[in-house]
Amino acid sequence: MADYQYIEATCWGKGFITHEDSRHISFENYAGNLWKIPNNDQHANRWSAGVAGVKKTLVEAQAIYDADLVVRQNAWDALPDDAPEKDASSSFYWARPTGITLTE
Amino acid sequence: MTNYLDIKGQNVQSVASDPSPVAIGQVWYNTTSNTAKVRGFISSNTWATGATMPLVGPGQYLSYASGFGTKDAAVSARGYSPVIPPSTPNVVHYDGSTWTSHTGYPDGGTSAQGFGLQSAGIVFGGDPSPGPARNYSYDGSAWTSINGPALSVYSDMYTGGTTGAAFKTVAAKTSPTAGFTEEWDGTNWSDASATMNTSRYTSGGTRAGAGDSSAGLIAVGNAGNGPPYSLSTASESYDGSSWSSTPSASQARRGMFMSGASQTSGMIYGGRLPGPAPSIPSAFSNGTETYDGTSWTTRANGPFHATYLTGAGGAEGATTWGGDTEGASPPSNYVGEFTGVYEGTVTIQTS
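As given, the protein sequences belong to chains A and B, one line each in that order. Residue -10 is where the first sequence starts when you use our numbering, and the numbers rise one by one after that. Residue 193 is where the second sequence starts when you use our numbering, and the numbers rise one by one after that.
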């Protein structure tokens, strides 16, 4: 049985995650407004309902993550060659984004 | 049932309303609420999301901004964004609920160091290095030019202190200035003639360092006199004359937020982790550690992974904002609020 679940929810700011939520739930935020939270956990389930989150299967979550990754990679590719983000000697240098395999 | 008079030798004061001020350890009985109360320390060590920051959001990010102040009275000044014009004031205050725009920082640039309070803060240095003088004090509404430090390496430092009191700064990026320490006396900077045990630089940290020149604390960062550098977990404190190694933190990182009140009260959050490939979460930390003068303790992870972020406050409570994930996730205007161990009043439970 999976230890974690993925929820798609957009953070609106104050009150999206409260200190009380944080006391009971471990949060991991991923690209695509994905939140990895404990599975089979009442606190986590209540939080998800409270933020109008939509539960995603692992496959669906991976697809959301991958789609966002393509956007990130395209954004990097579209940067001018002389952009600070592409200058390895710059403090603002970024490598081209790479993805990961999500796990539950 | 235990009688308080028997065990403490004192009667408990009965009052209609909670007394003010109260001292740590003070016990009283509130006859209105019919509750016994005690003043003590409350250990929370949790995160919550704060009000979204107006300077960042979809399509834009803000990194290397200068943060200072407290959790609920914070200032963000300047910073780097590819889509925010340099002429944008980029100075906002946070009161714990709302961000408001204020008088713009007089110069451009990034990675300037910030410390002090919202009504008595200092921002100095920053890239490009050495660049023009960018040293200012701030009274909450206006910026005033001040003297800058002697060292020409103006970024990647560890700082801490208050506007009028002494202050330390360390620039460790290049030899022979590795581990170099300067102090601020409210008017001028001077060579402290002290060198860190582990020379290091923050690599993008603009609010990195706890305490002041008589009780300072630094930790983690890029260590060595490289390149190449290596991420460090080393921690050390400063007593006004020399640096002493202290127990190491758990997570090696750079570009983190570090702050705190003294050498016995510090926190670290976020930062860049080892590895060249930018992906979430493997390359960016959402880890939190606090220091109590004896050891670093891993606390609850923050809600967001980010590096080159900034913030205000310390181990008792902090607000963090800005930063990025080197393009690995969409730019965000997320704000994190940390509540650590703080003084508070609790109701004594009978069961």
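Glycine included, C-beta positions come from ideal geometry on N, C-alpha and C. Nothing here was measured: the structure is a model prediction, and the numbers come from that model.
- The criterion of a C-beta distance shorter than 9 angstroms is not satisfied by F476(B) and Y461(B).
- Looking at the DSSP output, A402(B) shares a beta bridge with L409(B).
- Burial check for N525(B): the Cβ neighbour count within 10 Å reaches 16 or more, so the residue is buried.
- With 16 or more other Cβ atoms inside 10 Å of its own Cβ, F496(B) counts as buried.
- Closer than 9 angstroms to the CB of H497(B) there is at least one CB belonging to chain A.
- If you draw a 10 Å sphere on the C-beta of F233(B), you find fewer than 16 other C-beta atoms in it, and that means exposed.
- Leaving aside the five residues that flank A257(B) on each side, the residues in its chain whose CB is nearer than 7 angstroms to its CB run, in chain order, S268, A269, R270, G271, T398, T502 and G514.
- Unbroken beta strand (DSSP E) runs of no fewer than 3 residues, entirely contained in the stretch 436 to 514 of chain B, are found at 449 to 454, 457 to 461, 480 to 483, 488 to 491, 502 to 505 and 509 to 513, following chain order.
- Counting along the chain, E49(A) sits inside the alpha helix (DSSP H) bounded by residues L47 to A67.
- Sixteen is the threshold: when 16 or more other Cβ atoms of the shown chains lie within 10 Å of the Cβ of P86(A), as they do, the residue is buried.
- Around the beta carbon of T90(A), fewer than 16 other beta carbons lie within 10 angstroms, which makes this residue exposed.
- Interface residue (Cβ-Cβ distance to chain A less than 9 angstroms): V527(B) is classified as such.
- Under the 10 Å beta carbon count, G536(B) is surrounded by fewer than 16 other beta carbons and is classified as exposed.
- In terms of Cβ geometry, S454(B) and L423(B) do not form a close pair [threshold 9 angstroms].
- N478(B) is a Cβ neighbour of E17(A), given a cutoff of 9 angstroms.
- Pairing G317(B) with G352(B), the inter-Cα distance amounts to about 14 angstroms.
- With 16 or more neighbouring CB atoms inside 10 Å of its own CB, Q51(A) falls in the buried class.
- Counted as a single uninterrupted DSSP element, the alpha helix (DSSP H) harbouring H32(A) occupies residues Q31 to G39.
- DSSP, read as helix, strand or coil, puts E518(B) in coil.
- In the DSSP assignment, L23(A) is bridged to E(-3)(A) and Y19(A).
- For A33(A), no CB of chain B lies under 9 angstroms from its own CB, so it is not counted at the interface with that chain.
- In the structure shown, the three-state DSSP call for K75(A) is helix.
- At least one CB of chain B lies nearer than 9 angstroms to the CB of G4(A).
- With fewer than 16 other Cβ atoms inside 10 Å of its own Cβ, R35(A) counts as exposed.
- Within 10 angstroms of the beta-carbon of D404(B) lie 16 or more other beta-carbons, which makes it buried.
- D383(B) sits in a strand when the DSSP states are folded into three classes.
- In this structure, the CA atom of Q202(B) is about 27 angstroms from the CA atom of S235(B).
- Residue A240(B) holds the alpha-carbon nearest to the alpha-carbon of S289(B) among A240(B), V230(B), T379(B) and G217(B).
- Each of G401(B), Y421(B) and A215(B) was checked against the Cα of S427(B), and the nearest Cα belongs to G401(B).
- Contact annotation, T354(B) with G308(B): C-beta distance approximately 5 angstroms; criterion of less than 8 angstroms satisfied.
- Close to S474(B), with beta-carbon spacing below 9 angstroms, are these residues of chain A in chain order: I89.
- With distances taken between CA atoms, T512(B) lies nearest to G259(B) out of G259(B), R231(B), Y393(B) and P213(B).
- Under DSSP, Y330(B) takes part in a beta bridge, and its partners are G313(B) and W335(B).
- Shown here, I234(B) sits in a strand according to DSSP, grouped into three states.
- When the Cα atoms are used, Y421(B) and A415(B) turn out to be separated by approximately 6 angstroms.
- For H294(B), the three-state secondary structure derived from DSSP is coil.
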